[in-house]
Amino acid sequence: MYKIAVLPGDGIGPEVINEALKVLDVISKKFNVKFDVKEYAFGGIAIDKFGCPYPKETENACLNSDAVLLGAVGGYKWDILNGDKRPEAGLLALRKSLGVYANLRPATLFKPLKSASPLKDELLKDGLDILVVRELTGGMYFGPRGTEKIDGGFKAYDTEVYETAEIKRIAITAFETARKRNKKITSVDKANILDTSRLWRSIVNEISKDYPDVELNHMYVDNCAMQLIKDPSQFDIILTSNIFGDILSDEASQLTGSIGMLPSASLRGDKVGLYEPIHGSAPDIAGTKKANPLATILSVAMMLEYSFDMKDASNAIKEAVNKVLEDGYRTADLGKGKLVNTEEMGDKVAEYIGV
Ligand code: ATP
Ligand code: MG
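Quick look at the structure:
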């Protein structure tokens, strides 16, 4: 039996989580596997109830689970808070406490959504299936930073720091994942300028010697940003640092149409993982039943694949999603079709998986 800590969070979080749990329930029956699912307070709702975004009880539950499924956090109500008090601070604390250093963000175009992509048809004839492997717990987001007063104004700095061990482990994640995909990695850096990038490049080269079956090439980040638009079919896995990965995965995600479609997994080298849609709590549409639950449902598919080794069940979800889209069902963000609300979309996917 697998233990799953569920953190619905704020805004559309609880709405999309409901649909994901509906789908998990169907998977449980169809594949005859039991999941021990419990919900815990996290984000703004935890601030209201317990005074902090990541309460001890929630942390203990997460640390004792096989996987964590997260909706989204934040909302207008908590925007006046700052620093550690914000719901978003809970997110960084959650990732740090779980030690999930590898963020996997697939940018997959479901064929029926081709017209939602800004790319020309000819660039999408082979579809689009890129996986960004982003380092998540190091780099510029965690290096020394500060603001100082100087003559005539201020001086501010943020520091990019990487150590050998941090680069090694994320590179190993990418190479192991490449073996399960198309055995091709593009490592992205700015090695013509940055020392951290030169270290990154040399360590990735070193690790690649253990994976002679995986094709590796290097690309500067500015060129990569351009190539993603020019010819995305050249990419399979993009391996990169925290900040470059943040930017490039948002860019890649837009090529697939809607932010409401994109899942993510954050891993740490064993089977434990944190799974969440890449979108936020969307307070502008919370309560309107307009939220697209597919990103969260697809995050469950990633959980089945990476934490529970249930590749068949994972594929069953992805195939059902594709079929639902093929049959024309669309939440409002996905453009023209048979308009469905959040619950109806969840129901359709559950129905198409069947029992
Ligand atoms: P965060 O800072 O948490 O990333 P954000 O403010 O950047 O949040 P989102 O909450 O992701 O942004 O919302 C961006 C836009 O996308 C909003 O207009 C929102 O309504 C829309 N959106 C986000 N997720 C969905 C979804 N699942 N279905 C439909 N629309 C969505
Ligand atoms: Mg955002």
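All residue numbers for the sequence shown refer to my numbering, where the first residue is -10 and numbers rise by one. We put the CB at the ideal spot given by N, CA and C, even for glycine. Since we're looking at a predicted model, the values are computed, not measured.
So does valine 5 have its beta carbon nearer than 7 Å to some heavy atom of the ligand ATP? Checking the Cβ of valine 5 against the ligand ATP gives yes.
Would you kindly check if the distance between the Cβ of valine 121 and the Cβ of serine 238 is under 8 Å? Contact flag set, yes.
Alanine 163 to aspartate 178 span [Cα, whole Å]: Linking alanine 163 to aspartate 178 through their CA atoms gives a straight-line distance of about 15 Å.
Would the C-beta of aspartate 235 count as close to the ligand ATP, meaning under 7 Å from any of its heavy atoms? Judged by the Cβ position, aspartate 235 fails to qualify as a neighbour of the ligand ATP at the 7 Å threshold, every heavy atom of the ligand being at least this far.
CB glycine 79 to CB alanine 9, shorter than 8 Å? Going by C-beta atoms, glycine 79 is not nearer than 8 Å to alanine 9.
By the 10 Å Cβ neighbour count, where 16 or more other Cβ atoms means buried, how is threonine 148 classified, buried or exposed? Around the CB of threonine 148, fewer than 16 other CB atoms lie within 10 Å, so the residue is classed as exposed.
Can you grab the Cα-Cα spacing for the pair valine 26 / isoleucine 139, in whole Å? If you draw a straight line from the Cα of valine 26 to the Cα of isoleucine 139, it is about 53 Å long.
For lysine 337 and lysine 312, the rounded distance between their alpha carbons: Going by the C-alpha atoms only, they are around 10 Å apart.
What are the boundary residues of the alpha helix (DSSP H) that includes methionine 208? Note, methionine 208: premise wrong, no alpha helix (DSSP H); beta strand (DSSP E) at 204 to 209.
Straight-line Cα distance separating valine 310 from serine 247: Each residue's alpha carbon lies about 14 Å from the other.
Would glutamate 4 be called buried (16 or more neighbouring beta carbons within 10 Å of its own) or exposed? Looking at its Cβ environment, which holds 16 or more other Cβ atoms inside 10 Å, glutamate 4 is buried.
What does the alpha-carbon distance come out to for the pair alanine 145 and lysine 325? For alanine 145 and lysine 325, the distance between alpha carbons rounds to 47 Å.
Asparagine 231: CB within 7 Å of a non-hydrogen atom of the ligand ATP: No - the ligand ATP has no heavy atom lying nearer than 7 Å to the Cβ of asparagine 231.
Looking at C-alpha atoms only, which residue of Gly64, Thr47, Ala30, Cys41 is the closest neighbour of alanine 271? Of the candidates Gly64, Thr47, Ala30, Cys41, the one whose C-alpha sits nearest the C-alpha of alanine 271 is Gly64.
Just to confirm the assignment, what range does the alpha helix (DSSP H) spanning asparagine 92 have? Going by DSSP, asparagine 92 is part of no alpha helix (DSSP H) but of the beta strand (DSSP E) stretching over 91 to 97.
Here's a check: name, in chain order, each residue in its chain whose Cβ is nearer than 7 Å to the Cβ of leucine 328, leaving out the five neighbours to either side. Cβ within range, chain order: Arg319, Ala321.
As a quick exercise: from Ile227, Lys157, Asn231, Asn171, pick the residue whose alpha carbon is nearest that of lysine 198. For the residues Ile227, Lys157, Asn231, Asn171, the minimum Cα distance to lysine 198 belongs to Lys157.
With a 10 Å radius around its C-beta and 16 neighbouring C-beta atoms as the bar for buried, classify asparagine 231 as buried or exposed. Asparagine 231 should be labelled buried.
Verify whether the separation of the beta carbon atoms of proline 266 and threonine 245 is less than 8 Å. Contact flag unset, no.
Could you give the first and the last residue of the continuous alpha helix (DSSP H) run that contains phenylalanine 31? Looking at the DSSP string, phenylalanine 31 is not in any alpha helix (DSSP H), and its letter there is neither H nor E.
Could you check the C-alpha separation between lysine 38 and glycine 32 for me, to the nearest Å? Roughly 10 Å separates the two Cα atoms.
Element boundaries [alpha helix (DSSP H), containing isoleucine 267]: Element bounds for isoleucine 267: n/a, residue is neither H nor E.
Using only alpha-carbon positions, find the residue among Ile192, Arg190, Asp202, Pro133 that is nearest to alanine 167. In terms of CA proximity to alanine 167, Asp202 leads the group Ile192, Arg190, Asp202, Pro133.
Please list, in chain order, all residues of the same chain as isoleucine 16 whose beta carbon is under 6 Å from its beta carbon, the five residues on each side excluded. So the list reads Ala302, once near-sequence residues are dropped.
Which partner residues does glutamate 119 have in the DSSP bridge list? First, the amino acid is wrong: residue 119 is isoleucine here, not glutamate. Under DSSP, isoleucine 119 shares a beta bridge with Ala96.
Please find out if some non-hydrogen atom of the ligand ATP comes closer than 7 Å to the beta-carbon of asparagine 281. Remark: the C-beta of asparagine 281 is in contact range of the ligand ATP, defined as less than 7 Å to any heavy atom.
When you compare only the Cα positions, how much space is there between lysine 11 and isoleucine 274? Spanning the two alpha carbons is a distance of roughly 21 Å.
Alpha helix (DSSP H) containing proline 3: first to last residue? Where proline 3 is concerned, the enclosing alpha helix (DSSP H) starts and stops at 2 to 19.
Nearest-angstrom Cα distance between isoleucine 119 and proline 76? When rounded, the separation of the alpha-carbon atoms in isoleucine 119 and proline 76 is 30 Å.
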